Amino acid sequence: MTGPAPTTSYAGPSTAPAPAPARAPATPVSPVSHAAPHRRVRLSLIGARGTPAALQTLLVGLIIGSLVWGVVAALTASQHSSAAGEVASTSEPLSLAAQQMYQSLSEADVTATSDFLANPGPFSAFNNRQIYDADIANAAADLAKLRSAGAAVSSARLDRDLAAISAGLPVYTGYVQRAQTYSSLHYPLTGGSFIEDASAEMHVVLLPAASDIYAQESTALNSASAQATGLPLIVISILLALAVGYVLIRSQRWLTRRTHRRINPGLLLATVALAISTTWMAIAFVSARSDFGEGIGHGARPLEALAQASIAAQGGQGFEVLSLISNSGSTSFGSDFADAKKGIGPGSGSLLGTATADTPAGAGADAVNAAVRDAQAWYGASAAVFSFNPETTPYSDETKLVTATAPGSAQATFTKLEDDLRAGIRADQAVFTTNAASGSTAFDGLEIAVIIAMLAMVGGSAWGLSRRLAEYR
Amino acid sequence: VVLNYRTVLAIVATSTMTLIAGCGTMAARDGGTAGTLTENTSVDWPNDRLPTTPAAAKIVLKEDGSTLLASLIGKWAAAYHQQFGNVTFSVPAKPGGSSAGISEASTGQIDIGASDAFLSSGNLVQYPNMLNIPLGIAGQEITYNVRDVPASAHIQLNGQVLAAIYEGKITSWNDSQIKALNPGLNLPSEKIVLLHRAPGSGDTFLFTSYLAAQDPDWYKSYGFGSTIDWPAVPGSLVEASNGDMVDTCQTTAGCLAYIGISYSQTAAADQLGEAKLENASGNFELPIGPSMQAAVAYFISATPGNETISMINGPAKNGYPIVNYEYAIVSKKQPNAVKARDLKAFLYWAINTSTAKKFLADDDVQFQPLPVPIARLADDQIARIR
């Protein structure tokens with residue numbers, strides 16, 4: 001790399017004495033002959049002693065500039081890649097696990113209490129025990145997943161919620177077990193009081209904690225998505241690249257005028273490396289932003305709306321059961337149910353309204369449309385649950401309002417709505433997962449490429465300018 | 001294990017010293033109020049978590065709820081005020097019933113709600129800060145006014161027959177189903193007149209619980225609760241309180257009613273009969289101390305920390321089938337530290353001191369004291385008041 005300068009790069013006929021030594025300076029000969037008068041004055045100030053100093057300054061500046069750009073660009077690539085990877089591999093699965101845990105817990109409670117209400121005597125049969133057991137197992141598995149992930153994140157709020165569920169879940173299952181035991185021993189009233197204990201534990205401790213965990217995981221997902229597509233670092237990287245590129249081009253032009261050599265290979269290498277890596281970075285960012293934008297707008301956002309609708313619907317069904325099982329005092333959850341109904345929608349600003357607007361055509365849209373239809377059916381069937389008067393409505397009729405499974409009943413319509421919501425969530429999750437995975441691969445190899453480019457820029461600048469400097473020795 | 005006399009002597013000596021030291025400690029702790037030293041030292045166990053005296057400031061504690069608890073609360077209020085002059089109680093002349101006690105305590109209108117029923121899961125979801133703290137053991141008596149049947153005869157009844165009566169399927173005291181339970185008893189051909197309580201009654205909750213526990217058909221058709229859709233039976237009457245139940249029954253030939261145990265002496269004085277009820281083991285029992293204690297004993301180890309448990313129709317061989325804890329419904333989050341301390345001190349006093357316990361045996365109360373493990377759980381709950 002220290003051989004003679006290629007003659008083909010000369011801009012014009014050299015005025016250097018012939019034969020020129022291989023490492024002879026090429027610049028001292030009449031640079032002024034090609035320069036404008038004002039340039040002549042300025043460059044004369046540099047003089048023969050000033051040019052090496054200027055070259056040295058340029059060399060140091062380019063190396064520092066390349067290093068600074070390289071570090072910032074590598075950091076940008078690393079952070080975006082890491083954030084994109086976290087969205088796809090961690091945040092989204094955890095958000096889903098939190099939503100599923102809530103769903104499983106709520107379903108377990110509704111299953112146990114409904115079974116007890118339907119069969120207070122032979123509750124030992126626990127007809128839907130398999131569903132209950134599966135729900136508890138799923139909730140425990142999701143809890144383990146969330147605890148494992150939570151161990152890596154220091155959050156007092158998350159720790160408190162996870163600890164509440166870890167401690168409360170065995171208490172809950174213990175109450176249900178005791179309810180079953182006493183019922184099977186033909187003490188249905190004692191069994192019933194344990195079902196009330198269980199239900200209170202579920203609604204006062206477990207579900208609020210699960211809901212709060214979902215809110216936190218959802219926030220973390222949004223934060224990771226924003227970080228993967230956020231502008232500040234990428235803008236800084238590109239501005240730095242433009243600045244370094246500008247210096248490289250100006251240096252090239254200055255050297256051309258000083259040396260009559262059109263191209264400095266070292267600076268050319270640095271410029272090309274910078275251009276390629278910056279273009280790569282810009283394309284990767286635009287691609288990832290597009291993928292994540294699609295994934296969030298048509299995947300995560302409607303998914304979150306449907307997940308919240310599911311949680312609200314589960315809560316609404318819980319209110320139905322609580323209204324019936326609370327024998328020892330007058331309670332009505334009619335207004336709570338009305339609030340849940342308003343939040344679920346459909347309609348402008350409601351959760352189903354958001355899902356309808358954001359879900360792309362296809363399976364997801366079909367599921368959301370079905371959810372809109374079945375939600376109305378559920379509201380209609382549930383109206384009777386909250387309007388019965390315990391003084392005038394036969395208890396058997398009250399029980400049937402909640403436990404009947406015939407088409408059109410509150411339970412049947414709720415099951416249909418829940419199936420729709422789950423189908424919609426699955427479809428939206430697929431949209432998000434596909435796009436998030438695509439978005440996260442956009443940054444593959446970029447960090448290494450940026451580091452290689454930085455090394456090439458440092459090496460190229462050093463090589464190119466040191467050759468010119470050597471000519472002055 | 002072989003114990004020699006030195007070991008036995010050492011154990012006896014150590015135990016005696018511990019007892020003396022314990023008494024001294026309690027005397028010192030309660031010694032701040034003149035005239036209370038002797039009474040307040042009589043507790044079942046040392047307490048180092050709960051205040052045993054109220055704060056110095058004057059305070060009024062508001063109470064409402066169960067008519068069954070009204071008499072006891074009134075006695076406690078007077079005694080506590082006598083002992084701690086700065087604490088007075090506001091109790092209504094006509095208690096609103098258990099549901100009112102729960103509702104008013106939950107919404108902060110009163111400080112202590114008195115209830116025969118525990119808080120439902122619905123109550124707890126709507127008001128998660130509420131606690132139900134047992135104060136004593138009560139029972140429910142089935143009383144009647146049947147001519148020619150001496151009070152000492154004690155008509156025997158069970159849940160199925162009572163359910164049939166309250167469904168209107170049995171209308172006369174000499175019905176074959178009643179006679180089958182009472183061989184040898186000469187029952188008159190007298191129309192049964194049913195009494196039941198107005199909506200929101202803890203006594204209704206207990207009575208219908210017994211019917212539901214013994215009659216699956218009643219459970220499926222009518223369920224149980226403080227408010228239910230009673231079967232339409234011609235001539236049945238609705239009463240507002242236990243006192244009204246007794247008064248009406250006394251003047252109504254053929255009456256059948258359910259009343260809280262505190263009204264059993266009044267009913268007896270009014271020449272009303274007291275039924276023996278069949279328990280889950282098939283034995284007929286009266287609501288007296290031993291049968292009530294026996295019924296509760298089975299559930300001691302099963303009682304959860306929040307003390308929400310139904311003990312209706314339990315398995316104790318000689319247990320009375322309608323027993324329950326009488327609860328104080330209080331919020332664990334009080335508006336200030338003074339009220340929190342005063343409530344804790346009062347509840348601790350009510351459950352643990354001999355001064356308070358002596359009122360349980362009064363004729364117009366007839367409650368049983370809490371078993372020690374249940375009182376321990378109650379203390380744990382009281383300690384949560386802040």
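Protein sequence lines, in the order shown, are assigned to chains V and G.
Okay, so the first sequence: first residue is 1 according to my numbering, each after it adds one.
Okay, so the second sequence: first residue is 1 according to my numbering, each after it adds one.
Ideal Cβ positions, reconstructed from N, Cα and C, are used throughout, including at glycine.
Keep in mind it's a predicted model, so treat the numbers as computed, not measured.
At which residues does the beta strand (DSSP E) containing residue 202 of chain V begin and terminate?
Counting along the chain, residue 202 of chain V falls outside any beta strand (DSSP E), and DSSP gives it neither H nor E.
Within 10 angstroms of its Cβ, does residue 246 of chain V collect 16 or more other Cβ (buried), or is it exposed?
Per the 10 Å Cβ criterion, exposed.
Mind pulling the chain C residues with CB within less than 8 Å of residue 213 of chain G?
Of the chains in the structure shown, none is chain C; the protein chains are V and G.
For residue 186 of chain V, name the three-state secondary structure that DSSP assigns.
Looking at residue 186 of chain V - three-state DSSP - the assignment turns out to be coil, as it is neither helix nor strand.
With contact counted as at least three CB pairs below 8 Å, one residue from each stretch, are the segment 427-445 of chain V and the segment 280-291 of chain V in contact?
Yes, the segment 427-445 of chain V is in contact with the segment 280-291 of chain V.
Judging by CA-CA distance, which residue of V:275, V:243 and V:393 is the nearest neighbour of residue 227 of chain G?
Comparing Cα-Cα distances from residue 227 of chain G to each of V:275, V:243 and V:393, the minimum goes to V:393.
With a floor of 4 residues, list each alpha helix (DSSP H) that falls wholly inside the segment 153-200 of chain G, ordered by position along the chain.
If we require 4 residues or more, the alpha helix (DSSP H) runs fully inside the segment 153-200 of chain G come out as 159-166 and 176-181.
Could you pull the start and end residues of the alpha helix (DSSP H) that residue 357 of chain G belongs to?
Note, residue 357 of chain G: alpha helix (DSSP H), 354-357.
Using the Cβ count rule (16 or more neighbours within 10 Å means buried), how would you classify residue 148 of chain V?
So residue 148 of chain V ends up on the exposed side.
Does residue 308 of chain G come out as helix, strand or coil in the three-state DSSP assignment?
Three-state DSSP puts residue 308 of chain G in coil, outside helix and strand.
Within 7 Å (strictly less), CB to CB, does residue 196 of chain V reach chain G?
Yes, because at least one Cβ of chain G sits closer than 7 Å to the Cβ of residue 196 of chain V.
Let me know if residue 374 of chain V comes out buried or exposed under the rule of 16 or more other beta-carbons within 10 Å of its beta-carbon.
Buried, by the Cβ-count rule.
Which residue from G:261, G:71, G:282 and G:244 puts its Cα closest to that of residue 255 of chain G?
That would be G:244, whose Cα lies nearest to the Cα of residue 255 of chain G.
Return the CA-CA distance between residue 401 of chain V and residue 224 of chain G, expressed in angstroms with no decimal places.
Residue 401 of chain V and residue 224 of chain G: Cα-Cα distance of roughly 17 Å.
Starting from residue 88 of chain G, follow the beta strand (DSSP E) in both directions and report where the run begins and ends.
87-90 is the extent of the beta strand (DSSP E) around residue 88 of chain G.
For residue 193 of chain V, go through chain G and note every residue whose CB falls closer than 8 Å to its CB, in chain order.
Simply 118, 308, 309 and 310.
Spell out a yes or no on whether the segment 70-86 of chain V and the segment 226-233 of chain V are touching, meaning 3 or more CB-CB pairs, one atom from each, closer than 8 Å.
Yes, the segment 70-86 of chain V is in contact with the segment 226-233 of chain V.
Whole angstroms is fine: what's the gap from residue 211 of chain G's alpha carbon to residue 162 of chain G's?
Those two C-alpha atoms are separated by around 7 Å.
Hey, could you find the ends of the alpha helix (DSSP H) residue 340 of chain V is sitting in?
Residues 334-344.
Over what stretch of residues does the beta strand (DSSP E) that includes residue 290 of chain G continue unbroken?
Looking at the DSSP string, residue 290 of chain G is not in any beta strand (DSSP E); the run it does join, the alpha helix (DSSP H), is 289-297.
So residue 323 of chain V contacts chain G; which residues on that side make the cut at Cβ distance below 9 Å?
The answer, in chain order, is 122.
Does the beta carbon of residue 80 of chain V sit closer than 7 Å to a beta carbon anywhere in chain G?
No - not a single Cβ of chain G is within 7 Å of the one on residue 80 of chain V.
So, is the C-beta of residue 317 of chain G closer than 7 Å to a C-beta in chain V?
It does not: the Cβ of residue 317 of chain G has no partner Cβ on chain V nearer than 7 Å.
Here's the rule: buried if 16 or more other CB atoms are within 10 angstroms of the residue's CB, otherwise exposed. What is residue 359 of chain V?
It is buried - the Cβ of residue 359 of chain V has at least 16 other Cβ atoms within 10 Å.
Can you list the beta strand (DSSP E) stretches of 3 or more residues lying completely in the segment 205-257 of chain G, in chain order?
Complete beta strand (DSSP E) runs here, min 3: 237-239.
Tell me the DSSP bridge mates of residue 134 of chain G?
Beta-bridge pairing links residue 134 of chain G to G:327.
Contact between the segment 149-158 of chain G and the segment 167-182 of chain G: three or more CB pairs below 8 Å?
Verdict: yes, contact present.
Under a three-way DSSP split, which group does residue 383 of chain G fall into?
Correct three-state label for residue 383 of chain G: coil.
Just the C-alpha distance for residue 260 of chain G and residue 166 of chain V, rounded to the nearest angstrom, thanks.
Near 42 Å, if we compare the C-alpha coordinates of residue 166 of chain V and residue 260 of chain G.
What residue range does the beta strand (DSSP E) around residue 382 of chain V cover?
Not the beta strand (DSSP E): residue 382 of chain V falls in the alpha helix (DSSP H), residues 363-387.
Taking a Cβ distance cut-off of 7 Å, strictly less, list which residues of the segment 140-165 of chain G are near chain V, in chain order.
Listed in sequence order: no entries.
Counting along the chain, where does the alpha helix (DSSP H) carrying residue 348 of chain V start and finish?
Where residue 348 of chain V is concerned, there is no enclosing alpha helix (DSSP H), given that its DSSP letter is neither H nor E.
Taking only beta carbons into account, state which residues of the segment 226-239 of chain G come closer than 7 Å to chain V, listed in chain order.
Under the 7 Å Cβ criterion, the segment 226-239 of chain G contributes 226, 227, 228 and 229.
Rounded to whole angstroms, what's the CA-CA distance from residue 127 of chain V to residue 116 of chain G? Just pull it up for me.
Their Cα atoms are separated by approximately 33 Å.
Compare the C-beta of residue 125 of chain G with all C-beta atoms of chain V and state if any pair is closer than 7 Å.
By this cut-off, residue 125 of chain G is an interface position.
Using 8 Å as the threshold, is the segment 456-471 of chain V in touch with the segment 51-65 of chain V, meaning 3 or more CB pairs across them?
Contact holds: three or more Cβ-Cβ distances are below 8 Å.
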